[in-house]
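Counting from 1, position 128 in the sequence shown corresponds to residue 128 in full-length UniProt numbering; the numbering is continuous, with no gaps. Everything below concerns the one structure shown next.
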Amino acid sequence: MKIAEDALRAHLTEPGWRFVAPTPAHAGAARLSLRAHPDPDAAQVTEALPGEPLDLLWENAGGWAYVRTAHDRYLGWARADGLHARPWQPDLTVTARRAHAYAGPKISQTIRAELAFGARLARGPGEVVTEDHRRWVPVTLPGGTDAWVQEVTLAPLEGDLLTFALGFLDTPYVWGGRSAWGLDCSGLTQLVYGAFGRPLPRDADQQQQALTPVTDAQPGDLAFFPGHVGLMLGDRRMLHANATHMRVTVETLGEGEYGTRLQSDLSGFGRWTQ
């Protein structure tokens with residue numbers, strides 16, 4: 001799914017191709033699906049969260065844009081109407097796993113956007129409003145729409161990496177997903193590690209290459225399998241997003257039918273040592 005920079009460069013030098021200057025852009029107020037091909041039925045390869053920066057490489061006549069995510073340089077096709085190339089300087093980051101933006105400072109107001117951990121917003125004009133002991137912050141959504149979010153959705157992240165990771169338990173499995181609305185195995189590990197200043201590439205095999213191989217797992221290490229990755233909670237218990245249960249679950253390696261299968265497929269553990 002990942003196209004390396006040198007492969008892209010070689011591709012663009014073939015007859016009929018030309019170099020393009022990337023245009024700074026960002027995802028709109030909804031999660032932006034990046035697909036393998038400019039086709040709504042093509043496989044989703046990853047997502048850009050609301051407000052996340054992108055490089056717009058080019059657009060085709062069918063309303064599709066070829067883009068590259070800024071944080072991990074992942075490439076894919078997205079609907080052009082789901083991103084914006086206008087200047088954007090967000091100064092707020094959503095820290096809630098899932099959240100909503102509202103039309104006004106009240107929970108009965110219309111929902112204007114679904115947000116997720118890592119979504120980027122701009123502080124809107126006006127003061128914080130207190131309503132029934134709730135503090136509401138005016139924001140501007142990607143694309144320019146005014147909205148309100150509760151201050152708690154922007155609060156500093158608390159707890160350690162494993163506690164944060166366990167908060168995604170039972171999140172639905174979605175191929176290419178990167179949020180608590182739905183994620184895949186490497187989306188979970190990338191999201192959790194990134195939340196604690198450990199940037200990882202997008203795919204499981206790339207993550208295995210990025211970490212230091214170790215023999216015995218410690219809590220927080222990653223476990224790797226063919227096309228799959230999980231987060232170790234101990235020496236055998238592992239949290240992972242999987243298509244077997246279609247959600248994030250905890251398995252014990254070597255225990256039960258699924259755990260035994262995972263143990264036999266284990267290719268190694270990786271540890272963050274940077």
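Glycine residues also receive a C-beta, built at the ideal position from the N, C-alpha and C atoms. Note that the structure is predicted; figures quoted are calculated from it, not measured.
List the endpoints of the continuous alpha helix (DSSP H) containing residue i.
| i | result |
| --- | --- |
| Asp265 | Gly256 to Asp265 |
| Thr46 | Premise fails: Thr46 lies in the beta strand (DSSP E), Gln44 to Ala48, not in any alpha helix (DSSP H). |
| Leu169 | Looking at the DSSP string, Leu169 is not in any alpha helix (DSSP H), and its letter there is neither H nor E. |
Give the secondary structure of residue i by DSSP, where H, G and I count as helix, E and B as strand, and everything else as coil.
| i | result |
| --- | --- |
| Ser179 | strand |
| Ser33 | strand |
| Ala210 | helix |
| Gln274 | coil |
| Leu8 | Because Leu8 carries a pLDDT of 49, less than 50, the predicted location of this residue cannot be relied on, and the following value inherits that uncertainty. Residue state, collapsed to three classes: helix. |
| His114 | It should be pointed out that residue 114 corresponds to Glu in this sequence rather than to His. The answer is strand: DSSP assigns Glu114 an E or B state. |
| Leu154 | helix |
| Val192 | helix |
| Gly230 | strand |
| Leu83 | strand |
| Asp216 | coil |
| Thr145 | coil |
| Ala241 | strand |
With which residues is residue i paired in a DSSP beta bridge?
| i | result |
| --- | --- |
| Glu59 | Ala65 |
| Gly76 | Val67 |
| Val129 | Trp136 |
| Gly268 | Phe224 |
| Pro38 | According to DSSP, which records beta bridges pairwise, Pro38 is partnered with nothing at all. |
Are there 16 or more other CB atoms within 10 angstroms of the CB of residue i, so buried, or fewer, so exposed?
| i | result |
| --- | --- |
| Val208 | Strictly speaking, residue 208 in this sequence is Gln, with Val absent from that position. Its Cβ being crowded by 16 or more others within 10 Å, Gln208 is buried. |
| Glu131 | exposed |
| His133 | exposed |
| Gln190 | buried |
| Phe269 | buried |
| Ser264 | exposed |
| Val250 | exposed |
| Pro142 | buried |
| Thr215 | exposed |
| Glu257 | exposed |
| Asn60 | exposed |
Over the uninterrupted beta strand (DSSP E) stretch that includes residue i, give me the two end residues.
| i | result |
| --- | --- |
| residue 280 | Not covered by the structure: residue 280. The range shown for the chain is 1 to 274. |
| Thr249 | Arg247 to Thr252 |
| Ala99 | Arg98 to Tyr102 |
| Leu200 | Taken as a continuous stretch (DSSP letters only), Leu200 belongs to no beta strand (DSSP E), as it is neither H nor E. |
| residue 298 | Any answer about residue 298 is impossible in this case: the structure gives the chain only from 1 up to 274. |
* Asked: Hey, is the region 89-102 in contact with the region 125-133, meaning 3+ C-beta pairs nearer than 8 Å?
  -> no
* Using 8 Å as the Cβ pair cut-off and three pairs as the minimum, do the region 138-151 and the region 109-116 touch? -> yes
* State whether the region 21-40 contacts the region 61-74, with contact taken as three or more CB pairs (one from each stretch) at a distance under 8 Å. => yes
* To do: Assess, as a yes-or-no matter, whether the region 71-81 is touched by the region 154-172 under the definition of 3 or more beta carbon pairs within less than 8 Å.
  => no
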